[in-house]
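All residue numbers for the sequence shown refer to UniProt numbering, where the first residue is 1 and numbers rise by one.
We put the CB at the ideal spot given by N, CA and C, even for glycine.
Fair warning: this is a prediction, and the values are worked out from it, not measured in the lab.
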Amino acid sequence: MRVVLDSNILFSALISPHGAPDAIYRTWRAARFEVVTSRMQLDEIRRASRYPKLHAILQPAKVGTSAVVLERLDIQDEANDPDDAFLLAMAIAGEADYLVTGDRRAGLLQRGHIEPTRIVTPAVFCDEVL
């Protein structure tokens, strides 16, 4: 199974060892599914991890885990938040089964799916998959 994790899920898991994001992160680390990411997302994570608030609490040793890294993305689908369009492109290009996001304002969750990829909250992913 392949899964796209919105960056907010990864940060939530790295910040707090409780809740659905942490359960998802631990399951990924146990190699129960593959994460699909891209150079764009890795750049976003690198940039955000340098913010003073996050830098002070992130544990660098926990950040590195293997993933399917997409080098190039063809961003064609629009998202309410233009900064999230790359997540849709990753889901399509990476043939992901799920896109997991906690961002209710961006409009991704309201969409429900992109092609065969289901777009769900961390709680729904945990209930249905883990």
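Rounded to whole angstroms, the gap between the alpha carbons of ASP103 and GLN110 is 10 Å.
The continuous beta strand (DSSP E) containing TYR98 extends over residues 98 to 100.
According to the DSSP assignment, THR27 belongs to no beta strand (DSSP E) but to the alpha helix (DSSP H) extending over 19 to 29. Close CB contacts of LEU73 within its chain, under the 7 Å cut and outside five residues either way in sequence, are with SER38, MET40, PHE86, ALA89, MET90 and ALA93 (chain order).
In the structure shown, SER38 adopts extended strand secondary structure according to DSSP, grouped into three states.
Residue pairing from DSSP places VAL69 in a beta bridge opposite THR37. Bridge partners of VAL3 according to DSSP: VAL35 and TYR98.
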